[in-house]
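Asks: Pasting a structure here, questions to come.
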Amino acid sequence: MAEAATLAAAERDGARVLSVRGRLDVAAAGILWTEALRDAATEPARPLVIDLAGLEICDTAGAALLLAMEQARPGAAFEGARPHVAAVLERARAALVEPPPSPPAPPVPWHTVIGQGLAVASDGFAYLGEALVAVLRLPTRLRQFRIADLLRSADQAGVRAVPLVLLLGLLIGLILAFQSLIPMRRFGADVYVANLVAVSLLRELGPLLASVVLAGRSGSAFAAEIGSMKVNQEVDALATMGIDPMTMLVLPRMAAALLVMPALTVLLEAAGLVGMSVVLVGSGIPLVAIGNQIVAWVQPADFYGGLAKAVVFGAVVAAIGCRAGLSAGNGPRAVGQAATSAVVGGIVATIVLDGVFAVLFFRLGL
Amino acid sequence: MSAPALRGTGLAQRFGSRTLYHDVTFEVAEGEVFVILGGSGCGKTTLLRQCIGLLMPTAGSIALLGDDIYAAAAPARDAVLRRIGVMFQSGALFGSMTLLENVMLPLEVHTDLPPSARDRIARLKLGLVGLADAAALLPAEISGGMVKRAAIARALALDPPLLFLDEPSAGLDPVTSAGLDQLILELRRDLGLTFVVVTHELASILAIADRCLMLDRGAQGVIAIGDPKRLRDDSEDPKVRAFFRREAA
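In the order they appear, the protein sequences are chains A and B. For the first sequence, this note's numbering assigns the number 1025 to the initial residue and increments by one for each residue that follows. For the second sequence, this note's numbering assigns the number 2 to the initial residue and increments by one for each residue that follows.
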């Protein structure tokens, strides 16, 4: 096989001659590229001849280099190319189209941004409306609501999330108790750490963290699953068979999330109380005293209010996950984007709703 | 005389106790368009996967551009595999990259070309397959025929002398399919490429193939090899005749 291409400069009849010899393939082009373009642009006042007589092999990458040399030095002439080299060069010349200059992106007017935001919001409301309609029509579409899907989703979102929820609850209880104990001890109020942590967990952190776990584990899974079905046209197939995707795909997942969220929340809260008790017992507070503090301080409204929030969070997180899947575009990237927007949307919605609940509970005096 | 671009010797593939084919031997000369054909399930794609280093045959050897790929050490095999290009049936373009980025990827990984050169060469490859205007599009934004063309452009990225195409016509309309056949013949003529094509599209086979190899599931191996037009007109084998005359088995 011919040696890798070399470049040599010479003079002939007042012209500058660049001779390319050997094998100009993609590897040789990579080595020569910068040097060859620099050589071609040297001494622009004199004519340039690119001598290809010694060029034995030239592939399209090599041809791209030769054409780049020609472009770097307008008026440069090729000579001596063997027929197969000339053929590749001509084919490459015909194929090479200079990219058009990309026009600068026009500034987006403020009313367009607002319009796009409103369109997204109205899509969201439309989706909620569709979900509501699907729930109302469920009695007439019971055959489309597959219990097996509900159980599978409940298993995925609930049973399989139990170890994670327990671990998370235990760690949060430990951390909260430990962090609270240090400042409370300064005031001799060690025992009230139990009150503080218990109320925080039951009213706020239990449902909030369970919802974050649901969004991260199951909201993304729902979005990826339904998004893949959308990409594979399975959702279209359902529609053409007269099956409502909302009833068959979304409602079982929403129902599953709605059912498992209270259980996950209670488990997380229980694990958190255990974690808190470990820290407090370790610091010398008897278990009986901890129990008494919790029973005396925590109201039923704290517990049931937290559970009510958990139910709403679960339904919303599942609905957002399913919507992200249903609105996925084409291709594998679309599935990834759907999963991301499911998690982000689920967590943001959870926190916003938590704020709404805080105001509502305050107004109700709970 | 130069070594054949591809040589398969005594190839066999078994899955458990089931033999897909055995004793498959063939050669593909430089500059040839060689078609592997046969009915569904006869092992066409399996044979292709063996040829491109993705599936070690149960028996036999594959010599790509003179080197036995399964006997070679991993670095040597990788070097040989970089000298072939493959177009998969689905195109297998990376959905998160534009067509230009898809074609540039092998150049980025395997060459020392500066970024401007990679961009220029990738645009040239897209121009070779008639997609110069589609460089900035994503695979999801183009038609099935364009996906196949883009996949060929990516297969051409490192200027391999040997290209493998798996079902290039699958799912395409006759006009687009004929355009792809024309592209294969032009690339062979202008760049001197060798093609190994897996297909069962009769029109494509007759349009592009210099020679073909026909596999048969029942015979568990090769039942014909040669010029497809002569096989169509002169073969005595009823299965070959049925295939070329589109008769029900």
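Every residue gets a Cβ at the ideal spot worked out from N, C-alpha and C, and that includes glycine. Note that this is a predicted model, so its numbers are computed, not measured.
Would you say A:R1062 reaches chain B, if we count a Cβ-Cβ gap shorter than 8 Å as a contact?
Replies: no
Asks: Leaving out the 5 sequence neighbours to the left and right, which residues in its chain are closer than 7 Å to A:V983 when beta-carbon positions are compared?
Replies: For chain A, the structure presents residues 1025 to 1390; residue 983 of chain A sits outside this window and is missing.
Asks: Just verifying my parser: in three-state terms, what is the DSSP assignment at A:C1346?
Replies: Taken through DSSP and simplified to helix, strand or coil, A:C1346 comes out as helix.
Asks: To test your reading of the DSSP string, which unbroken beta strand (DSSP E) runs of 3 or more residues are found completely within the stretch 155 to 238 of chain B?
Replies: Counting only runs that start and end inside the stretch 155 to 238 of chain B, the beta strand (DSSP E) elements of at least 3 residues fall at 163 to 167, 195 to 199, 212 to 217, 222 to 227.
Asks: Counting only Cβ pairs nearer than 9 Å, list the residues of chain A close to B:S62.
Replies: Under the 9 Å cutoff, chain A gives no residues; its nearest Cβ is about 23 Å from B:S62.
Asks: Which same chain residues end up closer than 7 Å to A:L1056 when comparing Cβ atoms and leaving out the 5 residues on each side of it in sequence?
Replies: Cβ within range, chain order: A1029, L1031, L1089.
Asks: In the DSSP assignment, what residue or residues form a beta bridge with A:I1171?
Replies: DSSP, once it has assigned bridges, lists no residue as partnering A:I1171.
Asks: Which of helix, strand or coil does DSSP assign to B:G11?
Replies: strand
Asks: In chain B, which residues lie with their C-beta within 7 Å of the C-beta of A:N1354?
Replies: A141
Asks: Please list the residues of the stretch 101 to 116 of chain B that have a C-beta atom closer than 7 Å to any C-beta atom in chain A, keeping them in chain order.
Replies: T112, D113, L114, P115
Asks: Can you give me the C-alpha to C-alpha distance between B:D228 and B:A137, rounded to a whole angstrom?
Replies: 41 Å
Asks: So with CB distances below 8 Å, who are the chain A contacts of B:I206?
Replies: The contacting residues do not exist; B:I206 stays about 25 Å from chain A at best.
Asks: Below 7 Å between beta carbons is the criterion; list the residues of the stretch 158 to 181 of chain B that meet it against any residue of chain A, in chain order.
Replies: L159, D160
Asks: Is it the case that the stretch 1111 to 1120 of chain A contacts the stretch 118 to 137 of chain B, given that we only count it when at least three CB pairs across the two stretches are under 8 Å?
Replies: yes
Asks: Going along chain A, which residues have a C-beta under 7 Å from B:K149?
Replies: Residues of chain A passing the Cβ test: none, with the nearest at roughly 17 Å.
Asks: Between A:A1295 and the rest of its own chain, which residues show a CB-CB distance below 6 Å, the 5 nearest in sequence each way excluded?
Replies: L1190, G1193, L1194
Asks: What residues from chain B crowd round A:H1135, counting only those whose CB sits closer than 9 Å?
Replies: The premise fails here: A:H1135 is roughly 28 Å from chain B at the closest Cβ pair, so nothing lies under 9 Å.
Asks: Counting Cβ pairs closer than 8 Å, one from the stretch 1383 to 1390 of chain A and one from the stretch 25 to 34 of chain B, do we hit at least three?
Replies: Contact between the stretch 1383 to 1390 of chain A and the stretch 25 to 34 of chain B is not established, with fewer than three Cβ pairs separated by less than 8 Å.
Asks: Closest by CA to A:A1300, which one among A:F1149, A:A1034, A:Y1216, A:R1176?
Replies: This sequence places Met at residue 1300 of chain A; Ala is not what is there. Of A:F1149, A:A1034, A:Y1216, A:R1176, the residue nearest in Cα terms is A:Y1216.
Asks: Have a look at the DSSP bridge pairing and note the partners of A:I1206.
Replies: Answer is none; A:I1206 lacks a bridge partner.
Asks: I want to verify the contact list: residues of chain B whose CB lies under 7 Å from the CB of A:P1130, in sequence order.
Replies: By Cβ distance, chain B contributes nothing, its closest Cβ being about 17 Å from A:P1130, past 7 Å.
Asks: Is any heavy atom in the ligand MN found nearer than 7 Å to the beta carbon of A:Q1317?
Replies: The ligand MN is absent from the structure shown, which contains no ligand whatsoever.
Asks: Applying a beta-carbon distance threshold of less than 9 Å, which residues of chain A neighbour B:G128?
Replies: Annotation: Cβ neighbours of B:G128 in chain A (cutoff 9 Å, chain order): A1116, A1118, A1119, L1120, V1121.
Asks: Determine, using beta carbons only, whether A:K1254 and A:A1352 come nearer to each other than 8 Å.
Replies: In this structure, A:K1254 places its C-beta atom within 8 Å of the C-beta atom of A:A1352.
Asks: Look at the Cβ atom of B:I85, then the Cβ atom of B:L108, and state whether they are nearer than 8 Å.
Replies: No, the pair does not count as a contact, with Cβ atoms beyond the cut-off.
Asks: Can a CB atom of chain B be found closer than 8 Å to the CB of A:G1054?
Replies: yes
Asks: Is the beta carbon of A:L1072 less than 8 Å from the beta carbon of A:F1102?
Replies: no
Asks: Among residues of its own chain, excluding the 5 on either side of A:A1092, which ones have a beta-carbon nearer than 7 Å to its beta-carbon?
Replies: L1061
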